[in-house]
Amino acid sequence: MPMQYYPAGDRGRTRTDWLESYHSFSFGEFYDASRLGFGALRVINEDYILPGKGFEMHSHNDMEIVTVLLSGAIEHRDSMGNHGIIKTGQAQHMTAGTGVLHSERNISKDVLTHLLQIWIRPDKRNHTPSYSERSLPMRRNALIAVVDPSGEDGALTLRQDARMLFCNLDPGKDVHYAVKNSGVGRGVYVFLVDGVVDINGKIIHKQDAVAVSGEQNLRVVASVSSRVLLIDTPLHQ
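Take 74 as the starting number for the sequence shown in the working numbering and just add one per residue.
In structure tokens form, the structure reads like this:
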């Protein structure tokens, strides 16, 4: 199964009076036995949060949680004493480890918040909880590391041998990605936030995804302005 295609319309959906959330993998009341994750990658949720609303204080443990703000802003609070506003073009990472409480709220009075929340299984249980955040560089037509295990190039440090990268591509531009370990035991999950791209010959559209295994290199070519999320993960987790 070198490349598996996941059309946007096949995602799960949760809708409340303040939240519209789309699930790439089984989450909450959405369950699909064939979509329990991809390697260490467990969750990709695309959330739209109404002004003044959000997730109240709740708990997590033994999960690496990454949030990327696509538009709007959220207010973050947690049981470690962290508090701040995460804005468009920024990302946050939280190691839940032995246990953490946190809340995420759209504090705007009139602007919808649009974000991606990604969960990745850690390399082991019971890490000490931690929190970090960063602004993603404005460079276009280049893969920007959001999180990785080394924390190089300003990336947030992930407690798993996985990498998450984000890219803003202009029409006709491309990026190349060499899969870690030449692809041995690795897979890459590519989620297209918006736009149209060609990934190793496969055309995908807004909010589609592909899961790629057995490949050493990926080439992503944009037909129109596109935003791409790429996650390189060990497959046996």
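Don't be surprised by glycine CBs; every beta carbon is placed ideally from N, CA and C.
Bear in mind the structure is a predicted one, so any value in this text is a computation, not a measurement.
Simplified DSSP state of residue i, which is helix, strand or coil
| i | result |
| --- | --- |
| GLY224 | coil |
| ASP83 | helix |
| GLY260 | strand |
| ASN254 | helix |
| HIS200 | coil |
| GLN233 | coil |
| ASN214 | coil |
| ARG207 | strand |
| GLU288 | coil |
| ASP105 | coil |
| PRO75 | coil |
| HIS127 | Before going on, a small fix: residue 127 reads as Gly here, not His. Three-state DSSP puts GLY127 in a strand. |
| SER99 | coil |
| ALA113 | coil |
Rounded separation between residue i and residue j - CA only
| i | j | result |
| --- | --- | --- |
| PRO245 | MET153 | The sequence given here places Gly at residue 245; Pro does not occur at that position. Rounded to whole angstroms, GLY245 to MET153 spans 45 angstroms at the Cα level. |
| GLU206 | PRO75 | 34 angstroms |
| VAL184 | GLY260 | 36 angstroms |
| ASN134 | TYR204 | 13 angstroms |
| ASN118 | SER94 | 6 angstroms |
| LYS275 | ALA282 | 10 angstroms |
| ILE272 | VAL294 | 7 angstroms |
| LEU303 | CYS240 | 8 angstroms |
| ASP120 | SER255 | 33 angstroms |
| ASP196 | ALA251 | 22 angstroms |
| SER296 | VAL269 | 6 angstroms |
| ILE122 | GLN289 | 37 angstroms |
| PRO124 | LYS160 | 14 angstroms |
Cross-strand partners of residue i (DSSP beta bridge)
| i | result |
| --- | --- |
| GLU93 | ARG88 and TYR121 |
| VAL248 | VAL293 |
| VAL266 | In the DSSP output, where bridge partners are listed per residue, VAL266 has none listed. |
| ASN241 | ARG300 |
| HIS309 | In the DSSP output, where bridge partners are listed per residue, HIS309 has none listed. |
CB contact flag (residue i, residue j, <9 angstroms)
| i | j | result |
| --- | --- | --- |
| TRP192 | ILE138 | yes |
| GLU148 | GLY127 | yes |
| LEU142 | THR186 | yes |
| PHE98 | GLY110 | yes |
| MET136 | ARG194 | yes |
| ASP305 | LEU229 | no |
| GLN280 | ARG115 | no |
| LEU188 | SER132 | no |
| LEU231 | PRO222 | yes |
**Message:** As an exercise, report each continuous beta strand (DSSP E) stretch of at least 3 residues that is fully enclosed by the segment 140-198, in chain order.
**Reply:** DSSP runs (the beta strand (DSSP E)) wholly in the segment 140-198: 146-151, 156-160, 163-168, 173-178 and 186-193.
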